[in-house]
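Let me begin by presenting the structure, written as C-alpha coordinates, before commenting on it.
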(Lines of atoms letter the chains of each structure in order from A and count residues from 1; the text may use other names and numbers.)
(Lines give C-alpha, C1' and ligand atoms only; values in the text may rest on other atoms or scores of the structure.)
Protein backbone atom coordinates (compact mmCIF):
# COMPACT_ATOMS: atom_id res chain seq x y z
CA UNK A 1 0.00 0.00 0.00
CA UNK A 2 1.43 3.38 -0.98
CA UNK A 3 1.77 5.83 1.85
CA UNK A 4 -0.18 9.09 1.50
CA UNK A 5 1.75 12.22 0.70
CA UNK A 6 2.07 14.66 3.56
CA UNK A 7 0.21 17.90 2.94
CA UNK A 8 1.74 19.76 5.85
CA UNK A 9 2.49 19.95 9.53
CA UNK A 10 0.30 21.44 12.24
CA UNK A 11 1.60 22.93 15.46
CA UNK A 12 -0.92 23.25 18.28
CA UNK A 13 -0.55 25.87 20.99
CA UNK A 14 -0.28 26.05 23.95
CA UNK A 15 0.76 22.38 24.19
CA UNK A 16 3.35 22.57 21.40
CA UNK A 17 2.16 19.24 19.95
CA UNK A 18 3.19 18.98 16.29
CA UNK A 19 2.15 16.32 13.78
CA UNK A 20 1.91 15.72 10.04
CA UNK A 21 -1.33 15.68 8.09
CA UNK A 22 -1.69 13.69 4.86
CA UNK A 23 -3.14 15.45 1.85
CA UNK A 24 -6.28 13.30 1.98
CA UNK A 25 -7.18 13.63 5.66
CA UNK A 26 -8.57 16.16 8.09
CA UNK A 27 -6.61 17.55 11.02
CA UNK A 28 -8.79 15.51 13.39
CA UNK A 29 -8.24 12.26 11.45
CA UNK A 30 -4.47 12.87 11.37
CA UNK A 31 -4.41 13.51 15.10
CA UNK A 32 -6.35 10.32 15.81
CA UNK A 33 -4.14 8.26 13.48
CA UNK A 34 -1.01 9.47 15.28
CA UNK A 35 -2.26 9.04 18.83
CA UNK A 36 -2.87 12.72 19.52
CA UNK A 37 -5.87 13.43 21.74
CA UNK A 38 -8.07 16.12 20.15
CA UNK A 39 -11.23 17.15 22.04
CA UNK A 40 -14.42 15.96 20.33
CA UNK A 41 -17.80 14.50 21.21
CA UNK A 42 -18.89 13.25 17.75
CA UNK A 43 -15.46 11.83 16.78
CA UNK A 44 -15.13 13.84 13.58
CA UNK A 45 -18.67 13.84 12.16
CA UNK A 46 -19.14 17.65 12.20
CA UNK A 47 -22.01 17.32 14.67
CA UNK A 48 -20.67 18.78 17.93
CA UNK A 49 -18.31 21.66 17.11
CA UNK A 50 -16.07 20.72 20.04
CA UNK A 51 -13.04 20.12 17.78
CA UNK A 52 -12.76 23.84 16.97
CA UNK A 53 -9.34 25.46 16.70
CA UNK A 54 -8.24 29.05 16.18
CA UNK A 55 -5.82 29.56 13.30
CA UNK A 56 -2.83 31.67 14.34
CA UNK A 57 -0.69 31.31 11.21
CA UNK A 58 -1.24 29.72 7.80
CA UNK A 59 -4.94 30.36 7.17
CA UNK A 60 -4.09 30.67 3.48
CA UNK A 61 -2.81 27.07 3.58
CA UNK A 62 -6.20 25.59 4.55
CA UNK A 63 -9.10 24.36 2.44
CA UNK A 64 -12.04 26.79 2.21
CA UNK A 65 -14.65 26.53 4.95
CA UNK A 66 -17.57 24.39 3.80
CA UNK A 67 -21.20 25.37 4.38
CA UNK A 68 -21.56 22.52 6.90
CA UNK A 69 -18.51 23.72 8.83
CA UNK A 70 -19.68 27.35 8.78
CA UNK A 71 -23.15 26.34 10.02
CA UNK A 72 -21.71 24.26 12.88
CA UNK A 73 -19.26 27.01 13.90
CA UNK A 74 -22.11 29.56 13.94
CA UNK A 75 -23.83 27.50 16.64
CA UNK A 76 -20.77 26.86 18.80
CA UNK A 77 -18.45 28.40 21.33
CA UNK A 78 -16.41 30.22 18.67
CA UNK A 79 -19.32 31.71 16.73
CA UNK A 80 -17.78 35.19 16.88
CA UNK A 81 -14.20 34.12 16.13
CA UNK A 82 -13.45 34.57 12.39
CA UNK A 83 -10.24 32.51 12.65
CA UNK A 84 -12.07 29.45 14.04
CA UNK A 85 -12.10 26.21 12.07
CA UNK A 86 -13.25 22.66 12.83
CA UNK A 87 -10.44 20.11 12.94
CA UNK A 88 -12.78 17.47 11.50
CA UNK A 89 -13.34 19.49 8.32
CA UNK A 90 -9.99 21.23 7.86
CA UNK A 91 -7.31 20.03 5.43
CA UNK A 92 -3.80 21.48 5.13
CA UNK A 93 -1.82 22.59 2.11
CA UNK A 94 1.33 23.56 4.04
CA UNK A 95 2.38 24.22 7.61
CA UNK A 96 -0.11 25.79 10.01
CA UNK A 97 -0.17 26.93 13.65
CA UNK A 98 -3.39 26.84 15.67
CA UNK A 99 -4.50 27.30 19.25
CA UNK A 100 -6.62 24.62 20.92
CA UNK A 101 -6.47 23.78 24.60
CA UNK A 102 -6.80 20.11 25.51
CA UNK A 103 -4.77 18.73 22.60
CA UNK A 104 -2.04 16.40 23.82
CA UNK A 105 0.02 13.46 22.70
CA UNK A 106 -0.89 10.11 24.24
CA UNK A 107 1.77 8.53 26.32
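In our numbering, the protein residues as written are 1 to 107. Backbone N, C-alpha and C define an ideal beta-carbon position, used for all residues, glycine too.
Closest option to residue 44, judged by alpha-carbon separation, among 58, 88, 74: 88. The three-state secondary structure of residue 77, taken from DSSP, is coil. Non-local beta-carbon contacts of residue 41 in its own chain, meaning distances under 6 Å to residues more than five positions away in sequence, involve 48, 50 in chain order. Distances from the alpha-carbon of residue 54 to those of 106, 97, 70, 104 put 97 closest. For residue 85, the enclosing beta strand (DSSP E) starts and ends at 84-86.
Apart from the 5 residues on each side of it in sequence, residue 46 sits with its Cβ closer than 6 Å to the Cβ of 68, 72, 88, 89 in its chain, given in chain order.
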